[in-house]
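S.K.:
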Amino acid sequence: MYDQFAPNADPANTYVWNEGFFDGPNGPHSSFSSGIMTVNSSYNGSIGYFGDSDWIRIDFQQGKTYTIQMYSVYMESFLALADNTGNVLTNDNFEIKSYLGYNYYVAELTVTASRTGTYYVIAEESGHNGTGGYTVDVTETVTQPTTPTVWTYDQIAHRLTDSGWAFFNGVRREWDKKTITFNDSGLNATAQKLVDHAFDAWEKITGLTFTRTAGIADIVIDDNDPDKAYANSTIKTNGSIGSANINISPGFGGIGAGTLDSYEFQTFIHEIGHAIGLAHAGDYNAGSGGPTTYPDSVQFKNDSWNATIMSYINQRMNTEDGADYALIMTPMIGDIVAVHDLYGVPVSAYNGNTRYGFNSNTGDYMDLVFDALVKKDFSSPLIDGGRTLSFTLWDTGGRDVVDFRTDKVKQVINLGFESQSTIYGVAGSMMIGRDTVIENVVAGRKADKVTGNAAGNVLDGRNGNDVLKGLAGKDVLKGGNGADKMFGGVGNDTLNGGTGNDILTGQKGKDTFVFAKNFDKDTITDFRNNQDTLRLDDNLWTGTKTKAQVISQFGDMVGGNAVFDFGGGDVLTIKGFNLNQLADDLVIV
Numbered sequence: 189m190y191d192q193f194a195p196n197a198d199p200a201n202t203y204v205w206n207e208g209f210f211d212g213p214n215g216p217h218s219s220f221s222s223g224i225m226t227v228n229s230s231y232n233g234s235i236g237y238f239g240d241s242d243w244i245r246i247d248f249q250q251g252k253t254y255t256i257q258m259y260s261v262y263m264e265s266f267l268a269l270a271d272n273t274g275n276v277l278t279n280d281n282f283e284i285k286s287y288l289g290y291n292y293y294v295a296e297l298t299v300t301a302s303r304t305g306t307y308y309v310i311a312e313e314s315g316h317n318g319t320g321g322y323t324v325d326v327t328e329t330v331t332q333p334t335t336p337t338v339w340t341y342d343q344i345a346h347r348l349t350d351s352g353w354a355f356f357n358g359v360r361r362e363w364d365k366k367t368i369t370f371n372d373s374g375l376n377a378t379a380q381k382l383v384d385h386a387f388d389a390w391e392k393i394t395g396l397t398f399t400r401t402a403g404i405a406d407i408v409i410d411d412n413d414p415d416k417a418y419a420n421s422t423i424k425t426n427g428s429i430g431s432a433n434i435n436i437s438p439g440f441g442g443i444g445a446g447t448l449d450s451y452e453f454q455t456f457i458h459e460i461g462h463a464i465g466l467a468h469a470g471d472y473n474a475g476s477g478g479p480t481t482y483p484d485s486v487q488f489k490n491d492s493w494n495a496t497i498m499s500y501i502n503q504r505m506n507t508e509d510g511a512d513y514a515l516i517m518t519p520m521i522g523d524i525v526a527v528h529d530l531y532g533v534p535v536s537a538y539n540g541n542t543r544y545g546f547n548s549n550t551g552d553y554m555d556l557v558f559d560a561l562v563k564k565d566f567s568s569p570l571i572d573g574g575r576t577l578s579f580t581l582w583d584t585g586g587r588d589v590v591d592f593r594t595d596k597v598k599q600v601i602n603l604g605f606e607s608q609s610t611i612y613g614v615a616g617s618m619m620i621g622r623d624t625v626i627e628n629v630v631a632g633r634k635a636d637k638v639t640g641n642a643a644g645n646v647l648d649g650r651n652g653n654d655v656l657k658g659l660a661g662k663d664v665l666k667g668g669n670g671a672d673k674m675f676g677g678v679g680n681d682t683l684n685g686g687t688g689n690d691i692l693t694g695q696k697g698k699d700t701f702v703f704a705k706n707f708d709k710d711t712i713t714d715f716r717n718n719q720d721t722l723r724l725d726d727n728l729w730t731g732t733k734t735k736a737q738v739i740s741q742f743g744d745m746v747g748g749n750a751v752f753d754f755g756g757g758d759v760l761t762i763k764g765f766n767l768n769q770l771a772d773d774l775v776i777v
């Protein structure tokens, strides 16, 4: 099982560098005919004959520390460093390191430059009796904070669009046109369906149009390189992307291969992210491509798949963000902020009254994902089923609802911008994008906690002992079955406890409290005279009664509280309120 993107399979270096297995050109053989490389870059070469020795020129700065690695799957590596006169300063023979089922012959040096100037990296085959391709990586050792700090999504986005490319001596890049063609004729039919949906995911949030063609294309996708996934691009002189190539081997990752709920689909979204201008969230391709770990491999504390699909850090690896392991179904918040910086913010994506979850009407592949999640409908060949999933909702308009009524595990739903929620037992499985307003929630069957936003929300707790918080806006809170706690927040809210012994707190604004037959024992904590309204349903009694009759027949003062006892277990208590003041605030419906 692959829990992270394989670094050697996914370099995303856009200067037409395909890290992996290769036969490179024979390198220069002395300091007089040397190749050239820079710090924080890679050099691909090949030992072409027995006894061959490649010299690669590089400049170091005095006092700085550098790590030099040579690795190959073909031959036993031997690495040395010489000064500007050709005098060898230090060397290292290979050791075998296994990664993703392959043996690498790795030699490594860590040196601190004693002067500023030219040095030579020397690459050889250890016994002078082998040949083959190799890679040399040189990285400057930068002291990182002991504990990474939490980044904002703007900082993460800048990493994806700008500074992430700098590690490879690259620059910010984006397409300079809105319609981009792709050719995926090199893939099988199942993979092509995943490609369609992966492009759809990016199309919605970028405003770009991706069009399939059988001929020459801007982006070529194939599976020629087995057991690998990577992308590379060419950059035009004006800094825009000229072309891109993506390789993803069939069933890459092995988790639900060929389906939407798979690591393979997540990888398609990830690699297309590279092809449209996004770098990695960390320098995961540094060095020999060894295991990526947390926190040693990260730039920021909240680096994880839940922050950006361009991360190698799954939620299980990140021990700080509180999210559970889940495969990623969409670009995440960091990715969305990043592509909006590159291409602007589209205004037509999900701009109607969109349902997410039960009876989803997104009109794209997420309908299948939600049917599997909410209805356990695994009938589509594109759904494997039974996998934990995470997604980000990015919505531009309409009156929208998230409906997870079938959930049998306690939910924690937050509609706030850039928030994460727990649904179907998976912490952090739903993210709300920046400036995304979801108005309504239908919660599940357990004791859920639902927090709204600044819009006028309708929060329906349904079954369970729920906690509903309306925050700002003119909200409607529905407790449903169970002993619920409801908080209206700021605004003129309506609080309807439903069945069960509920506690209703209107907070600020002119609030309306609803009570009807079979509502059991409810308590209003903060009713305000001549400001709030009590709405009583006439099904609480028989016949027609005036407000005065209702108050006199069913109301009483008990311990400083106004108490209505309608019989049959239906009792309403208004804390700290005088019954004689209620007539002007009572409405019978």
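Going by my numbering, the sequence shown opens with residue 189, and the numbers climb by one from there.
Yeah, the Cβ is synthetic: ideal placement off N, Cα and C, and Gly gets one too.
1) Where does R400 fall in DSSP's three states?
2) Pick helix, strand or coil for E362, following the three-state DSSP scheme.
3) Just mark R650 as buried or exposed, buried being the case when its beta carbon has 16 or more other beta carbons within 10 Å.
4) Run through the segment 392-464 for me and flag every whole beta strand (DSSP E) of 3 or more residues, listed as ranges in chain order.
5) When the Cα of D690 is compared with those of K733, G667, N706, which residue comes out closest?
6) If I'm right that I611 touches F592 with Cβ under 8 Å, what's the distance once you round it to whole angstroms?
7) Quick one: what does DSSP say S847 is sitting in, helix, strand or coil?
8) What residue does the beta strand (DSSP E) around G545 start on, and which one ends it?
9) Locate the alpha helix (DSSP H) running through F558, then write down its first and last residues.
10) Go through its chain and collect everything with a Cβ distance to K252's Cβ below 8 Å, but skip five positions before and after it.
11) Who pairs with M674 in a beta bridge, going by DSSP?
12) Suppose the cutoff is 8 Å on Cβ atoms and the five residues either side in sequence are ignored; what does the same chain contact list for N547 look like?
13) Fully enclosed by the segment 619-666, which beta strand (DSSP E) runs are 3 residues long or longer?
14) Which same chain residues end up closer than 7 Å to S218 when comparing Cβ atoms and leaving out the 5 residues on each side of it in sequence?
15) Is the distance from the Cβ of A311 to the Cβ of G233 below 8 Å?
16) So, are the CB atoms of K657 and N680 less than 8 Å apart?
17) Could you say which of T226, T394, I571 lies nearest to S536 if we only look at CA atoms?
18) If you draw a straight line from the C-alpha of D839 to the C-alpha of Y341, how long is it?
19) Are the Cβ atoms of D413 and S437 separated by less than 8 Å?
20) What's the C-alpha gap between G212 and Q249?
21) What does the Cβ neighbour count give for N766, buried or exposed, with the cut at 16 atoms within 10 Å?
22) Spatial neighbours of D491 within its chain, please: CB distance less than 7 Å, with the 5 preceding and 5 following residues excluded, ordered by chain position.
23) Helix, strand or coil, according to DSSP, for Q257 in the structure here?
24) What did DSSP end up calling K709 once you bin it into helix, strand or coil?
25) Can you check which of these residues, D449, I776, A467, S421, is closest to K381 by C-alpha distance?
26) Output needed for L774: all residues of its chain with C-beta closer than 6 Å, excluding positions within five of it in sequence on either side, in chain order.
27) Does L297 come out as helix, strand or coil in the three-state DSSP assignment?
28) So what does L724 bridge to, in DSSP terms?
29) Since G545 and V562 should fall inside the 8 Å C-beta cutoff, what is the C-beta to C-beta distance between them, to a whole number of angstroms?
30) Flag this pair as yes or no: are the beta carbons of I407 and G465 separated by less than 8 Å?
31) Can you tell me whether L659 is buried or exposed, with buried defined as 16 or more other CB within 10 angstroms of its CB?
32) For F701 versus D725, is the C-beta distance shorter than 8 Å?
33) Which one or two residues does DSSP pair with G239 in a beta bridge?
34) Measure the alpha-carbon distance for M225 versus D595 and round it to whole angstroms.
35) For a quick check, are the C-beta atoms of Q599 and G632 less than 8 Å apart?
36) Near V777, which residues of its chain fall below 8 Å by C-beta distance, leaving aside the five closest residues on each side in sequence?
M.R.: The relevant details are as follows:
1) strand
2) coil
3) buried
4) 397-400, 407-410, 417-423, 429-436
5) G667
6) 5 Å
7) With the chain represented from 189 up to 777, any question about residue 847 goes unanswered, as that position is not in the structure.
8) Counting along the chain, the beta strand (DSSP E) containing G545 begins and ends at 543-545.
9) It spans 554-563 - the alpha helix (DSSP H) in which F558 sits, taken as one unbroken run.
10) T300, A301, E328, T329
11) According to DSSP, which records beta bridges pairwise, M674 is partnered with L656, L692.
12) D591
13) 628-630, 637-639, 646-648, 655-657, 664-666
14) Note on S218: pLDDT 43, under 50, position unreliable in the model; the coordinate value appears next. Cβ neighbours of S218 beyond the five flanking positions: W243.
15) yes
16) no
17) T394
18) This structure gives no information on residue 839, because the portion of the chain shown stretches from 189 to 777.
19) yes
20) Note on G212: pLDDT 28, under 50, position unreliable in the model; the coordinate value appears next. Each residue's Cα considered, the two are about 29 Å apart.
21) exposed
22) A469, G470, S499, I501, N506
23) Three-state result, Q257: strand.
24) strand
25) In terms of CA proximity to K381, D449 leads the group D449, I776, A467, S421.
26) L722, K735
27) strand
28) Bridge partners of L724: F703, I776.
29) Right, the Cβ-Cβ distance comes to about 5 Å (below 8 Å), so this counts as a contact.
30) no
31) Result: buried.
32) At the C-beta level, F701 and D725 stay beyond 8 Å of one another.
33) DSSP output for G239 lists no bridge partner at all.
34) CA-to-CA, the gap between M225 and D595 works out to about 56 Å.
35) yes
36) Beyond the five residues adjoining it in sequence on each side, V777 comes within less than 8 Å, by CB distance, of R723, L724, D725, D726 in the same chain, given in chain order.
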